[in-house]
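J.: Here's a structure for you.
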Amino acid sequence: MIYRRLIQWTGGLLLLGAHVLVTSLASAGSAAPTADAKVPFGVALDGKATRERLATIERELDLELDLVAIFTQFPEDPRHDNFPAEQLVAIRDTDARPVLTWEPMHVQDGEEHILPASAITDGTYDPYLRRFARGVKAFGDPVLIRFAHEMNLIRYHWGEATPETYGPETPERYREMFRYVVRIFREEGAAEHARFAFNPNAESVPSPEHDSDAAWNRPEAYYPGNDKVDVLAMDGYNWGTTQTPAEHGWQSQHQSFRTIFEPLYRTLRELAPEKPIYVLETASAVEGGDKARWIEQAAATAMEWQLAGVVWFHNDKELDWRLDAGVEDTALDPLRRMQGGSGDAREESPNDE
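Right under this line is the structure:
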């Protein structure tokens, strides 16, 4: 099945020359004339994606969803399955593309247990990985997989069983783990449908800019290589003024979409100039600034950068991150225009080297 709206996104290889040109201009600090570029838009969901839920979101937002991101974790026992086939089908039936955030941890009694990289690279989880890869292959349409996302945050410490061991050796373990998973998918013949995203957070924690002992924790240090990565992606949030030292241990401030993402955008563009770049998690708080203006500027920047897609974290969680929270319906007009721009978004081709 070919998605109704995604059929307009093909031809990425034909656009490669233009993509490199835009990249060169951006690297030089020049703005390329891309304000009318079409940029797919979608939402990331906490909980399950169902046809009914997606239809309700589209109706309430008056937006068509091009992308829908869901989250799934590894099982504690590698003999068990948790492939989200029903959710992927529901997303496809909505004519959206699935984005699967695949977290190498399991949750027990509300507590997260991160898998050490060795539990994957020593073959312990091979049965699970191979079944999962076969599930993607059987699904039959492209699935954007962001395996072990936001690896530059100690909050996840992917590849390390505890935060205490998150350190200078972590990037190498992460690269090895990522490459191992991709190799399994290729051995199972799933490369045509599995698109692996390298997806750091916009800000590293601990931060190399503020902690000399954290010089190792730069996004590029985790990069598994062009031969194992299909697309690049970024996550980042505008917390406004919601976080305070007394209650949260830090003071947040209102930041624009460009301010949040531009440093990482430039890093990723230099890292792999030919690969599409997505924003696969973002949202803005209402407090401390003009959320409607933030959305407008985000859409303009996404089109200027010719992003391959933008995904909004549409959930009421630490904050009410929902897209329509605290704004009028007209605040979403820039996103509607972004989806309908006259240009073409770039799409990745399978990386099966």
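In terms of the numbering used here, the sequence shown has 112 at position 112, counting the first letter as 1, and numbering is strictly consecutive.
For each residue, glycine too, the CB sits at the ideal point set by N, CA and C.
1. Between which two residues does the alpha helix (DSSP H) containing M338 stretch?
2. Hey, could you find the ends of the alpha helix (DSSP H) T56 is sitting in?
3. For the putative contact between G42 and L61, defined by C-beta atoms under 8 Å, what is the C-beta separation to the nearest angstrom?
4. Rank T282, Y222, E287 and A214 by C-alpha distance to the C-alpha of T241 and give the top, closest one.
5. Would you list the residues sitting across from Q366 in a DSSP beta bridge?
6. Mind pulling the alpha helix (DSSP H) runs of 4 or more residues that sit fully within the segment 162-195?
7. Among the residues of its own chain, which have a CB less than 6 Å from the CB of Y156, if the five just before and after it don't count?
8. Identify which residue in N226, F261 and E111 has its Cα closest to the Cα of Y237.
9. With a cut-off of 8 Å on the beta carbons, I'd call P116 and G159 a contact; round off their distance for me.
10. Any idea if R183 is buried or exposed, counting beta-carbon neighbours within 10 angstroms, 16 or more meaning buried?
11. Please report the residue range of the beta strand (DSSP E) in which S284 lies.
12. Given that a residue counts as buried once 16 or more other Cβ atoms are within 10 Å of its Cβ, and exposed if not, what is H314?
13. Closest to E58 by CA distance: which of E76, Q73 and A96 is it?
14. Less than 9 Å between the beta carbons of A191 and P350, yes or no?
15. Measuring only the C-alpha atoms, how far is W102 from S204?
16. Following the continuous alpha helix (DSSP H) through P208, name the residue where it begins and the one where it ends.
17. Check whether the Cβ atoms of T373 and D235 sit closer than 9 Å, and answer yes or no.
18. Near G135, what residues of its chain come up, given a Cβ to Cβ distance below 7 Å and the 5 sequence neighbours on each side ignored?
19. For E220 and R51, what's the separation of their Cα atoms in angstroms?
20. Note the first and the last residue of the continuous alpha helix (DSSP H) segment covering T121.
21. Counting only runs that start and end within the segment 74-106, where is the beta strand (DSSP E) found for 3 or more residues in a row?
22. Could you pull out every residue in the same chain whose Cβ sits closer than 6 Å to the Cβ of R173, ignoring the five residues on either side in sequence?
23. Beta-carbon separation of M338 and A292 under 9 Å?
24. In three-state DSSP terms, what is T72?
25. Between which two residues does the alpha helix (DSSP H) carrying L268 extend?
26. Please return the same chain residues whose Cβ sits closer than 6 Å to the Cβ of D230, not counting the five positions on each side in sequence.
27. To the nearest angstrom, report how far apart A285 and L307 are at their CA atoms.
28. Give me, in chain order, the residues of the same chain whose beta-carbon lies closer than 6 Å to that of E188; leave out the 5 immediate sequence neighbours on both sides.
29. In angstroms, rounded to a whole number, what distance separates the CA positions of Y361 and D227?
30. How would you label H80, buried or exposed, when you count the other beta carbons within 10 angstroms and need 16 or more for buried?
31. Assign A246 to buried or exposed, taking buried as 16 or more other Cβ atoms, counted over all protein chains shown, within 10 Å of its Cβ.
32. So is Q255 buried or exposed if we call it buried at 16+ other beta carbons inside 10 Å?
33. Taking only three categories from DSSP, how would you classify W239?
34. Which residues does DSSP list as the beta-bridge partners of M234?
T.: In short:
1. The count along the sequence shown starts at 1 and reaches residue 338 at position 338. Start and end: D333 to Q339.
2. By 1-based counting over the sequence shown, the position of residue 56 is 56. Annotation: the continuous alpha helix (DSSP H) that includes T56 extends over R51 to L61.
3. As a working mapping, residue 42 is identified with position 42 in the sequence shown. As a working mapping, residue 61 is identified with position 61 in the sequence shown. Contact doesn't hold; Cβ gap of about 11 Å is too wide.
4. Locating residue 241 in the sequence shown gives position 241, where the first residue counts as 1. Nearest C-alpha to T241: E287.
5. What the structure shows of the chain is the stretch from 1 to 353, and residue 366 is not part of that stretch, so it cannot be assessed.
6. The qualifying runs are 170-187.
7. Translated into positions along the sequence shown, residue 156 becomes position 156. These residues qualify, in order along the chain: E150.
8. For the purposes of this step, residue 237 is identified with residue 237 of the sequence shown, where counting begins at 1. It is F261 whose Cα lies nearest to the Cα of Y237.
9. In the sequence shown, the residue the question calls residue 116 occupies position 116. In the sequence shown, the residue the question calls residue 159 occupies position 159. Between G159 and P116 the Cβ distance is about 7 Å, and since that is below 8 Å, they are a contact.
10. For the purposes of this step, residue 183 is identified with residue 183 of the sequence shown, where counting begins at 1. Residue environment: R183 is assigned as exposed (fewer than 16 neighbouring CB atoms within 10 Å of its CB, all protein chains considered).
11. Residue numbering aside, residue 284 sits at position 284 when the sequence shown is read from its first letter. Counted as a single uninterrupted DSSP element, the beta strand (DSSP E) harbouring S284 occupies residues I277 to S284.
12. The sequence position of residue 314 within the sequence shown is 314, counting from 1. With 16 or more Cβ atoms within 10 Å of its Cβ, H314 is classed as buried.
13. The count along the sequence shown starts at 1 and reaches residue 58 at position 58. A check of alpha carbon separations from E58 across E76, Q73 and A96 identifies A96 as the nearest.
14. Counting from one through the sequence shown, the residue named residue 191 turns up at place 191. Counting from one through the sequence shown, the residue named residue 350 turns up at place 350. Yes, Cβ-Cβ distance for A191 and P350 is below 9 Å.
15. Translated into the one-based positions of the sequence shown, residue 102 becomes position 102. Translated into the one-based positions of the sequence shown, residue 204 becomes position 204. Answer to the nearest angstrom: the Cα atoms are 20 Å apart.
16. Within the sequence shown, the letter at position 208 stands for residue 208. First-last for P208: undefined, no H or E at that position.
17. Summary: the structure shown does not reach residue 373, with the chain confined to residues 1 through 353, and so no result is reported for it.
18. Your numbering for residue 135 matches position 135 in the sequence shown. Its chain contains F83 and A85 as the residues whose beta carbon lies nearer than 7 Å to that of G135, once the 5 sequence neighbours on both sides are disregarded; these appear in chain order.
19. Residue numbering aside, residue 220 sits at position 220 when the sequence shown is read from its first letter. Residue numbering aside, residue 51 sits at position 51 when the sequence shown is read from its first letter. Using only the alpha carbons, I get a separation of about 38 Å.
20. Residue mapping note: residue 121 aligns to position 121 of the sequence shown, counting from 1. The continuous alpha helix (DSSP H) containing T121 extends over residues A117 to T121.
21. Runs found: 97-103.
22. For the purposes of this step, residue 173 is taken as residue 173 along the sequence shown, with counting starting at 1. Around R173: A117 and G159.
23. On the sequence shown, position 338 is the one that residue 338 refers to. On the sequence shown, position 292 is the one that residue 292 refers to. Against a cut-off of 9 Å, the Cβ pair of A292 and M338 comes out as no contact.
24. Numbered from its first residue, the sequence shown carries residue 72 at position 72. It is a strand residue.
25. Counted from its first residue, the sequence shown places residue 268 at position 268. For L268, the enclosing alpha helix (DSSP H) stretches over residues F257 to L271.
26. Residue 230 sits at position 230 when you count from the first residue of the sequence shown. Same-chain partners within the cutoff: R195, F196, E348 and N351.
27. Along the sequence shown, read from residue 1 onward, the residue named residue 285 stands at position 285. Along the sequence shown, read from residue 1 onward, the residue named residue 307 stands at position 307. Their Cα atoms are separated by approximately 22 Å.
28. Here residue 188 corresponds to residue number 188 of the sequence shown, with the count starting at 1. R130, A133 and R134.
29. Since the first residue shown for the chain is 1 and the last is 353, residue 361 is missing from the structure and cannot be characterised.
30. Taking the sequence shown and counting its residues from 1, one reaches residue 80 at position 80. Counting Cβ neighbours within 10 Å, H80 comes out exposed, since fewer than 16 surround it.
31. For the purposes of this step, residue 246 is taken as residue 246 along the sequence shown, with counting starting at 1. Exposed, since its Cβ has fewer than 16 Cβ neighbours within 10 Å.
32. Residue numbering aside, residue 255 sits at position 255 when the sequence shown is read from its first letter. It counts as buried.
33. For this step, residue 239 is matched to residue 239 along the sequence shown. The answer is coil: DSSP assigns W239 none of H, G, I, E or B.
34. For this step, residue 234 is matched to residue 234 along the sequence shown. Beta-bridge pairing links M234 to V279.
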